[in-house]
Every structure is written in structure tokens, then in C-alpha cells.
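Novice: In full-length UniProt numbering, the protein residues as written are 1 to 459.
The C-beta atom is built at its ideal place from N, Cα and C for all residues, glycine as well.
Quick one: structure below, then a few questions.
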């Protein structure tokens, strides 16, 4: 009977265990997690009638893996779609609505762009030349920023596209790989010759405007319900917490996993379900060299609760973003009472701020009070909020967000090749590889299980 060790008890590890249990009940397995609890970054706090997410708050419905797993776990009736509404970008001391018809910050409606207060007349004129810009013919990967700057000009990229696209990865769009993050944009240009014209044909993807489709889903009792439901569906005797793996060593045709407390476990196969820094620590340096120096960004969220009457009237919408190059600590704020009304009591408000940018390290040492103070300073300027919150909740995620740098796909291909050669029977899953969203992590975990079980069948 084959025995498998899954290293990592976040969503990727739990999803891998669930898939393995479901598809190969004849295999034995165990999951090990270094922290005291399973579930990774997921944490939902219920306080004074508020539902506060300290980790992920939603997932994209159009990527099927998330909804499919929710349905399998019997949670379909608990799914909630986000309320739609306009989003804003804070620029030059004002909140500007994102132009109607924008797709991830990319304008598709020429009249809406011309009417926008966000971009200067010169910037608009340059952006409207996009349909006449020749197709990109390079065979090499390039940065998101460089790609969009060629097509729309620097001003539109800095004021409209960067706040949306850099916010997803908390990264620098002039370092992030286009093909590893948003390959559909390059493909649209190749097919239609123009992004504006090509994206206009699929208006369901518009983001942050009045016509936005409710693209995101959460669960009525909080998103922490998802990893907890997976955990409850698994045999508890197979789940081990407070158990940190330190090395995966090849022993003939099998493996030996060593732990900080001196324990060792033999396995026929291993799935490392964690960010790439864990993979680098567990395997030989030469094997993991393609990902050895990949950065991870530290993030924080700050949720501030208010009485509705204590806050100035906000514009009609669900929140705003700020360019990462702007002189603010926050990069975005969700007006939770508008986007997720079931999370906030009547006559109350919940502002969820996002803090953390690629290359910054101050969050790693800052106290909760210092982080809250920085957020309040931003809010005083951006939303004219001077009153103290009823309470706050701070969540910091150290080295949490991987950065998909240019040539990411080539390095990922080399990493897989190295591991297949040096550690046949070892596979990986997690945010560092093929998507940072919840559906991406679930799909990656299922793929790792399928690859491992196919390998074991061949052996």
C-alpha cells in the first residue's frame, strides 16, 4: 500500500488531502503542518455583529475549482455573491470613479474614458491611439507595465491600470510577468489587434464600474468555513499540527521526511503544499535554484468598525484603490457594508484597508498600533475620517504573497524538470506557482495529486 506525506496544512494541503482521500482511498496518507491549526491564512472573526475577514475574503466564481469544491462539501446554499457598485481610484487628492466599461483598469468605452476625471486630456489622447498600435511580436516574456505602456502610454498605466493589477499581487507591475499573471491580454491583442476592441466584446468582465457583474463569492459564515469543512471531511488521525518538516531525503525508491522534533516518516510520494520558500528549504539547493531568490511580500489588513453617523458620507460605491507608487501606506480600501452587506450590522460601517507593497519591510517590525495609525492617517486625507473607530482588527501575513517576476514560466518549467529528475515522486502546489487565488490553489492541489498518483501507478 502506497503512503503519501502532504507537507502544509493551508488550503492547498487540505485540498490535496481531500482529493487524495476521494480519488485514491486505497492509499494511506498523512498531512503535517508546522502551525497550531490548519487552514493557513484563513481567519474569520465574529465581533459585535460584524463578520471580519482577517485573511482572504472571497474568490472568483468564473474559475470553477472554488465553486466545485464548495458544492462537494455541501456548502452551496451558503454562497454569497458580492454586491456590485462603482470603485474609485485616489489620485491627486481626489477619488475618481473608474471609467465605465473598464476591464481590470483597461478602458474599452472611449466615451467613458473621455469623460473620466482621472486621466489628463493628453493621457486620454495617447490611450485612444491603442487600436492603431501594432501587435506585440516579441517571443519573450515581458513585464505587465512595459506591455501596457506601449499600448496605452505611461499616464494611463500609472493612474488606472497599475492600481488594479498591482493590487492583486501587491507587486511592481514593471517587474511582474505578463504571461504568468494576465496572459489573456497578450492573447487578445494577438487575436483582435487591439485590447480595447477585443475586450469590448466581453463586457461581463468589467470591473469596478456600475455595470460590474458580481464576480466574487464568499460564504455566509465567513470564508474560514471552507478550510474547516475540508478538515471535517478528513480523518482527524491523519492530520498533524505543530509538526515542522525540515528535509525531504531520497532513500532508494522512497523518501524520508525529517522533522524539527527529530521524527522521521517514510513515504512513497510527497506533496509540498506551501509557498516556494518551504520547497527551497526542504530540497537540495541545486534542484530548487530556479526559485531560490524569488521574493515574497509581507501584507496586512486593517478592519475598522464605525457607527455610520461618525463617518462622512462616502461616494456611492464599494471602495477605492491607490497606485503603489503613491505616497500612502494603504493600497486599497473596501467599504464592506456596501460590497458584503451581510457582514455589517445596520447603521454600522466596516472599512477594510490593505497595506503592503513589494520591496517594503516596515510591516515586519511594526506594532498593530503603528499599522492602524498609518491607515488612519491615509483615511483622514482620502475620506476625511477623523473620528476614532469603535474597534479594529489587524491581520499581518509575513512573507505571504509571491511575486511572479518576468520569466516566471520558464523558471517554473525548469523547477519541475529538476524535481522530476532529482526527486521523482515529489510534487508541489501552492500560491507560488500557477496563481494566487483560492480556485488556483485548489486546482493546483488536484493537479499535484493526479501527477503523483499517476507516477505511483507507473512505478
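Just to confirm, are residue 115 and residue 152 a CB contact at a threshold of 8 Å?
Specialist: No, they are not a contact pair.
Novice: Select from 285, 300, 439 and 408 the residue whose C-alpha is nearest the C-alpha of residue 418.
Specialist: If we check each option's Cα against that of residue 418, 285 comes out closest.
Novice: Going by C-alpha distance, which of 109, 197 and 422 is nearest residue 252?
Specialist: For the residues 109, 197 and 422, the minimum Cα distance to residue 252 belongs to 422.
Novice: What residue range does the alpha helix (DSSP H) around residue 173 cover?
Specialist: Neither: residue 173 is in no alpha helix (DSSP H) and is coded neither H nor E.
Novice: Cα-Cα, which of 234, 281 and 147 is closest to residue 257?
Specialist: Ranking the options by Cα distance to residue 257, first place goes to 281.
Novice: Let me know if residue 121 comes out buried or exposed under the rule of 16 or more other beta-carbons within 10 Å of its beta-carbon.
Specialist: Classification of residue 121: exposed, given that the 10 Å Cβ count is below 16.
Novice: Can you confirm whether the region 295-312 touches the region 345-362 when touching is taken to mean that 3 or more C-beta pairs between the two stretches lie within less than 8 Å?
Specialist: A contact exists between the region 345-362 and the region 295-312.
Novice: Could you tell me the alpha carbon to alpha carbon distance between residue 338 and residue 81, rounded to whole angstroms?
Specialist: For residue 338 and residue 81, the distance between alpha carbons rounds to 12 Å.
Novice: I need the straight-line Cα distance from residue 455 to residue 449, nearest angstrom please.
Specialist: Going from the Cα of residue 455 to the Cα of residue 449 covers about 10 Å.
Novice: Report back the beta-carbon spacing between residue 275 and residue 431 to the nearest angstrom; my notes put them in contact at under 8 Å.
Specialist: Confirmed, Cβ separation roughly 6 Å.
Novice: Since residue 177 and residue 407 should fall inside the 8 Å C-beta cutoff, what is the C-beta to C-beta distance between them, to a whole number of angstroms?
Specialist: Indeed they touch by this definition, with Cβ atoms about 7 Å apart.
Novice: Excluding the five sequence neighbours on either side, which residues of its own chain have a C-beta within less than 8 Å of the C-beta of residue 399, listed in chain order?
Specialist: Taken in chain order, the residues that qualify are 275, 277, 296, 297 and 298.
Novice: Measuring only the C-alpha atoms, how far is residue 138 from residue 185?
Specialist: Whole-angstrom Cα-Cα distance: 14 Å.
Novice: What are the residues that DSSP puts in a beta bridge with residue 104?
Specialist: Answer by DSSP bridge pairing: none, since residue 104 is not bridged.
Novice: Would you list the residues sitting across from residue 94 in a DSSP beta bridge?
Specialist: Partner(s): 91.
Novice: Kindly give me the distance between the Cβ atoms of residue 452 and residue 427, rounded to whole angstroms, as I take these residues to be in contact under 8 Å.
Specialist: Right, the Cβ-Cβ distance comes to about 5 Å (below 8 Å), so this counts as a contact.
Novice: Figure out for me which residue from 243, 309, 66 and 374 has the closest Cα to the Cα of residue 539.
Specialist: The structure shown does not extend to residue 539, since the chain is modelled only from 1 through 459, so no value can be given for it.
Novice: Here's a check: name, in chain order, each residue in its chain whose Cβ is nearer than 8 Å to the Cβ of residue 162, leaving out the five neighbours to either side.
Specialist: Same-chain partners within the cutoff: 105, 145, 173, 323, 324 and 325.
Novice: Tell whether a beta-carbon distance below 8 Å holds between residue 321 and residue 164.
Specialist: Yes.
Novice: For residue 271 versus residue 98, is the C-beta spacing smaller than 8 Å?
Specialist: No, the Cβ-Cβ distance between residue 271 and residue 98 is not below 8 Å.
Novice: Please state the DSSP three-state secondary structure of residue 205.
Specialist: The predicted position of residue 205 is uncertain, since its pLDDT is 49 and thus under 50; a value taken from the coordinates is nonetheless stated next. If DSSP states are grouped into helix, strand and coil, residue 205 belongs with the helices.
Novice: Give the single residue among 317, 12 and 160 whose Cα lies nearest to the Cα of residue 38.
Specialist: Looking at the Cα atoms, 12 is the closest of the given residues.
Novice: Which one of 46, 10 and 15 has the shortest CA to CA distance from residue 35?
Specialist: When each option's Cα is compared against that of residue 35, the closest is 10.
Novice: Roughly how far, in whole angstroms, is the beta-carbon of residue 86 from the beta-carbon of residue 215, given that I think they are within contact range, below 8 Å?
Specialist: So it is not a contact: roughly 15 Å between Cβ atoms.
Novice: Which residues in the same chain as residue 226 place their Cβ atom closer than 8 Å to its Cβ, once the five residues preceding and following it in sequence are excluded?
Specialist: Once the five neighbours on either side are set aside, the close Cβ partners of residue 226 are 11, 42, 69, 70, 73, 75, 219 and 438.
Novice: So the beta strand (DSSP E) residue 460 belongs to, where does it begin and stop?
Specialist: For residue 460 there is no data in the structure shown, the boundaries of the chain being 1 and 459.
Novice: Could you tell me which uninterrupted alpha helix (DSSP H) segments, each at least 4 residues in length, are contained entirely in the region 256-332, listed from first to last along the chain?
Specialist: Complete alpha helix (DSSP H) runs here, min 4: 276-282 and 285-288.
Novice: Beta carbon of residue 179, beta carbon of residue 391: below 8 Å?
Specialist: No. Outside cutoff.
Novice: Residue 290 and residue 415 look like a contact to me (Cβ under 8 Å); what is the Cβ gap, rounded to whole Å?
Specialist: The Cβ separation is near 5 Å, so the contact holds.
Novice: Would you identify the three-state DSSP class for residue 151, choosing helix, strand or coil?
Specialist: Residue state, collapsed to three classes: helix.
Novice: Report the residue from 22, 29, 24 and 8 whose alpha carbon sits nearest the alpha carbon of residue 267.
Specialist: Comparing Cα positions, the closest option is 29.
Novice: Which same chain residues end up closer than 7 Å to residue 195 when comparing Cβ atoms and leaving out the 5 residues on each side of it in sequence?
Specialist: 106, 130, 151, 185, 188 and 189, listed in sequence order.
Novice: If we call anything under 8 Å between Cβ atoms a contact, is residue 14 one with residue 230?
Specialist: Closer than 8 Å, so yes.
Novice: What runs of the beta strand (DSSP E), each 3 residues or longer, lie entirely inside the region 406-430?
Specialist: Complete beta strand (DSSP E) runs here, min 3: 426-429.
Novice: How would you call residue 8, buried or exposed, if buried means at least 16 neighbouring beta carbons within 10 angstroms?
Specialist: Residue 8 is buried by the Cβ-count criterion.
Novice: Return helix, strand or coil for residue 123, following the three-state DSSP convention.
Specialist: Correct three-state label for residue 123: helix.
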